[in-house]
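These notes are about the structure you will find just below.
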Amino acid sequence: MKLNIKSVRSLGGVKVINKAGEKLGKIEDFTIDLATGRIAYAVLSFGGFIKGNKLFAIP
């Protein structure tokens, strides 16, 4: 049986786009539910240097 897994570290900085192809932000981090071992939230950053980045936890 072949495992289909990916390192979470390799996903940091990945751009997030909507269905229209517009850039929304990028993945900054993940939070793990320690009871289940599953990713609970992806932490996304939005904005730029002038406005400053805003972080949001997306389930």
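Positions 2 to 60 (the working numbering) are the ones given, in order, by the sequence shown.
A virtual CB, placed ideally from N, CA and C, is assigned to each residue, including glycine.
Open item on the list: Assuming Arg39 is part of the beta strand (DSSP E), what are its boundary residues?
Closed with: 39-47
Task: CA nearest to the CA of Glu23, picked from Phe47, Ala41, Leu35, Gly53 - done: Phe47
Open item on the list: I'd like the span of the beta strand (DSSP E) that includes Glu23, first residue to last.
Closed with: Neither: Glu23 is in no beta strand (DSSP E) and is coded neither H nor E.
Open item on the list: In this structure, how does DSSP classify Leu12 when only helix, strand and coil are distinguished?
Closed with: In this structure, Leu12 counts as helix in the three-state DSSP scheme.
- [ ] Could you please give the first and the last residue of the uninterrupted beta strand (DSSP E) stretch that includes Ala36?
- [x] Here Ala36 belongs to no beta strand (DSSP E), and DSSP marks it neither H nor E.
Open item on the list: Whole angstroms are fine: how far does the CA of Ala36 sit from the CA of Val53?
Closed with: A small fix is needed here, since residue 53 is Gly in this sequence, not Val. If I take the Cα positions, the gap works out to 34 Å.
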